[in-house]
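K.L.:
So that we are looking at the same thing, I have put the structure below in structure tokens.
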Amino acid sequence: MTTLVDPFGRKHDYLRISVTDQCNLRCLYCMPEEGMEFMDNEKLLKFDEIVEVVRAGAEMGIRKLRITGGEPLVRRNLEQLIADLASIPGIDDIAMTTNGIFLAKKAEELKAAGLNRVNISLDTLDPSRFRMIARRGDLSKVLEGIEAAAKVGFDPIKLNMVLLKDINDDEIGEFLRMSLDYPLHVRFIEYMPIGHADDNWKRHYQPLDRVLEVAKELGFHVEPIGNVTGNGPSENFQIQAGAGTFGLIHPISNHFCEQCNRLRLTSDGHLKPCLYWVDELDVRPHLGNKEAMQSLFNKAMVIKPQNHEMAAKLSDESQSHIPTERRMSQIGG
774 MTTLVDPFGR
784 KHDYLRISVT
794 DQCNLRCLYC
804 MPEEGMEFMD
814 NEKLLKFDEI
824 VEVVRAGAEM
834 GIRKLRITGG
844 EPLVRRNLEQ
854 LIADLASIPG
864 IDDIAMTTNG
874 IFLAKKAEEL
884 KAAGLNRVNI
894 SLDTLDPSRF
904 RMIARRGDLS
914 KVLEGIEAAA
924 KVGFDPIKLN
934 MVLLKDINDD
944 EIGEFLRMSL
954 DYPLHVRFIE
964 YMPIGHADDN
974 WKRHYQPLDR
984 VLEVAKELGF
994 HVEPIGNVTG
1004 NGPSENFQIQ
1014 AGAGTFGLIH
1024 PISNHFCEQC
1034 NRLRLTSDGH
1044 LKPCLYWVDE
1054 LDVRPHLGNK
1064 EAMQSLFNKA
1074 MVIKPQNHEM
1084 AAKLSDESQS
1094 HIPTERRMSQ
1104 IGG
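Just add 773 to wherever you are in the sequence shown, counting from 1, and you've got our numbering.
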């Protein structure tokens, strides 16, 4: 079996698959509140086309998949795609990132189809602030989704909190306590300057060293820990006697590019070697030709940059590549 290794020696075994750019929320760090134009359905990759791309990648060493959006659960019959992906030889882990609004209704079907894990976006525990950040939806639905995910046996359950200065950074302590009291993996994520987020990124960017400062202020004894299943780039910790764990994902202040093992497949069928850069490869002309598709995976390795250089945005330094104009919802977070 060939393996996917880029010019910097990084082995790639992880494919993130966006199944739609649509979302039922309008989170302020992801989309404008009004005026979003979504792709026509005919521009989306069909499920059988996604399966074909994954099958080609699996023969080259892709082992882990993550289903993303937009919000993946707005795509109808998603459980059928997951079942088809789970049947591909070599694929041994399928996860999904969701805002959780529809998860309570779908958790059992998704688990039965072969979904192993879920990451649930949760940026606040305050209902009114939830409406301010997400602009739509209901916090109670997300909490019901978390409960349903635990009930059907998804493990681990990860909560993704995008830390926003002067918006939700006063809730760091509450989220840390969640990792103390519940068997959850709480992940604090730095705000990234991608697409719409670039408009107010500097104003609300908060480095994650603040999380450990708050833990110390609260008197928590925090220990670094090793791998959490599917932990990817997070730096992981546990509060002494905690039922769960927490992690820091800091793509700006302490980027993890040297460990990057992932590619992204956009909902309209483009293979992206890097989340941030404009470079992408259209898979559609190669559908029906496995060898050509696998050549495309190899080309993605060739054009992958050494790092994303997002931190240059803090000081307005020049960058060696052209940043993507896609919104996060169009790439798949």
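The beta carbon of each residue, even a glycine, is placed where N, CA and C say it ideally should be.
Just to confirm, are ARG983 and LEU916 a CB contact at a threshold of 9 Å?
P.N.:
Position 210 of the sequence shown holds residue 983. Position 143 of the sequence shown holds residue 916. Going by C-beta atoms, ARG983 is not nearer than 9 Å to LEU916.
K.L.:
Any idea what DSSP makes of SER791, helix, strand or coil?
P.N.:
Numbered from its first residue, the sequence shown carries residue 791 at position 18. Residue state, collapsed to three classes: strand.
K.L.:
Apply the 10 Å Cβ neighbour rule to HIS1023 and answer buried if 16 or more other Cβ atoms are within range, or exposed otherwise.
P.N.:
Within the sequence shown, the letter at position 250 stands for residue 1023. HIS1023 should be labelled buried.
K.L.:
Grab me the residues of ASN889's own chain with a C-beta within less than 7 Å of its C-beta, minus the 5 sequence neighbours each way, in chain order.
P.N.:
Taking the first residue of the sequence shown as position 1, residue 889 is located at position 116. Excluding residues within five positions, the ones whose Cβ falls inside 7 Å are ASP866, ILE867 and ALA868.
K.L.:
Are the Cβ atoms of ARG799 and GLU806 separated by less than 9 Å?
P.N.:
Indexing the sequence shown from 1 puts residue 799 at position 26. Indexing the sequence shown from 1 puts residue 806 at position 33. Yes, the Cβ-Cβ distance between ARG799 and GLU806 is below 9 Å.
K.L.:
Could you have a look at ASP896 and say whether DSSP puts it in helix, strand or coil?
P.N.:
Position 123 of the sequence shown, counting from 1, holds the residue named residue 896. Of the three classes helix, strand and coil, the one that applies to ASP896 here is coil, per DSSP.
K.L.:
Keeping to the same chain, check which residues put their C-beta closer than 8 Å to that of VAL847; ignore five residues upstream and five downstream.
P.N.:
Along the sequence shown, one-based indexing puts residue 847 at 74. If we look at VAL847 and ignore the five residues flanking it on each side, its Cβ neighbours are THR793, GLN795, CYS796, ASN797 and PHE875.
K.L.:
Is ASN1009 helix, strand or coil by DSSP?
P.N.:
Within the sequence shown, the letter at position 236 stands for residue 1009. ASN1009 falls in the strand class under three-state DSSP.
K.L.:
Report the rounded CA-to-CA distance for THR715 versus GLY926, giving the unit in angstroms.
P.N.:
No answer is possible for residue 715: the residues shown for the chain start at 774 and end at 1106.
K.L.:
Any chance the region 835–853 sits against the region 878–892, with 3 or more Cβ pairs inside 8 Å?
P.N.:
These segments touch.
K.L.:
So, with DSSP's three-state summary, where would you put GLY918?
P.N.:
The residue you call residue 918 lines up with position 145 of the sequence shown. GLY918: helix per DSSP, three-state reduction.
K.L.:
How is HIS1059 classed by DSSP in three states: helix, strand or coil?
P.N.:
Walking along the sequence shown from the start, residue 1059 turns up at place 286. Correct three-state label for HIS1059: helix.
K.L.:
Could you check what DSSP says for VAL847 in three-state terms: helix, strand or coil?
P.N.:
Counting from one through the sequence shown, the residue named residue 847 turns up at place 74. Reduced to three states, the DSSP call for VAL847 is helix.
K.L.:
Comparing alpha-carbon positions, which option in MET833, TYR787 and GLY1015 lies nearest ASP994?
P.N.:
If you number the sequence shown from 1, residue 994 lands on position 221. The residue you asked about is not Asp; residue 994 is His in the sequence shown. Selected option, being the one with the closest Cα: GLY1015.
K.L.:
Nearest to GLY873 by CA position, among LYS837, GLU920 and VAL827, is which residue?
P.N.:
By 1-based counting over the sequence shown, the position of residue 873 is 100. Checking every option, the nearest Cα to that of GLY873 belongs to GLU920.
K.L.:
Under 9 Å between the Cβ atoms of LEU991 and LEU1021?
P.N.:
Position 218 of the sequence shown, counted from the first residue, corresponds to residue 991. Position 248 of the sequence shown, counted from the first residue, corresponds to residue 1021. No, the Cβ-Cβ distance between LEU991 and LEU1021 is not below 9 Å.
K.L.:
Is GLU986 close to chain B, meaning its C-beta is less than 9 Å from at least one C-beta of that chain?
P.N.:
This model lacks chain B altogether; it includes just one protein chain.
K.L.:
Along the alpha helix (DSSP H) that carries GLU986, what are the first and last residues, could you check?
P.N.:
The count along the sequence shown starts at 1 and reaches residue 986 at position 213. Here the alpha helix (DSSP H) through GLU986 covers 982–990.
K.L.:
Figure out for me which residue from ALA1065, ARG960 and THR1018 has the closest Cα to the Cα of GLU996.
P.N.:
Your numbering for residue 996 matches position 223 in the sequence shown. Nearest of ALA1065, ARG960 and THR1018 to GLU996, Cα basis: THR1018.
K.L.:
Any idea what DSSP makes of MET905, helix, strand or coil?
P.N.:
Indexing the sequence shown from 1 puts residue 905 at position 132. The answer is helix: DSSP assigns MET905 an H, G or I state.
K.L.:
Ends of the alpha helix (DSSP H) at ARG726?
P.N.:
Absent from the model: residue 726. The displayed extent of the chain is 774 to 1106, so no value can be given.
K.L.:
Tell me the rounded alpha-carbon separation between LEU1069 and LEU1054.
P.N.:
The residue labelled residue 1069 in the question sits at position 296 within the sequence shown. The residue labelled residue 1054 in the question sits at position 281 within the sequence shown. Each residue's alpha carbon lies about 7 Å from the other.
K.L.:
Using the three-state DSSP reduction, which class does ASP942 fall into: helix, strand or coil?
P.N.:
Walking along the sequence shown from the start, residue 942 turns up at place 169. Looking at ASP942 - three-state DSSP - the assignment turns out to be helix.
K.L.:
Rounded to whole angstroms, what is the Cα-Cα separation between MET755 and THR776?
P.N.:
For residue 755 there is no data in the structure shown, the boundaries of the chain being 774 and 1106.
K.L.:
Assign ARG1057 to one of two classes, buried (16 or more other C-beta atoms within 10 Å of its C-beta) or exposed (fewer than that).
P.N.:
The residue given as residue 1057 occupies position 284 in the sequence shown. With fewer than 16 Cβ atoms within 10 Å of its Cβ, ARG1057 is classed as exposed.
K.L.:
Mapping the DSSP letters down to three states, classify LEU1036 as helix, strand or coil.
P.N.:
Here residue 1036 refers to the residue found at position 263 of the sequence shown. In the structure shown, LEU1036 sits in a strand (DSSP, three-state: E or B).
K.L.:
If you reduce the DSSP assignment to three classes, tell me which class LYS1077 lands in.
P.N.:
Counted from its first residue, the sequence shown places residue 1077 at position 304. Three-state result, LYS1077: coil.
K.L.:
With 16 as the cutoff for other CB atoms within 10 Å, does ASN1000 come out buried or exposed?
P.N.:
On the sequence shown, position 227 is the one that residue 1000 refers to. By the 10 Å Cβ count, ASN1000 comes out exposed.
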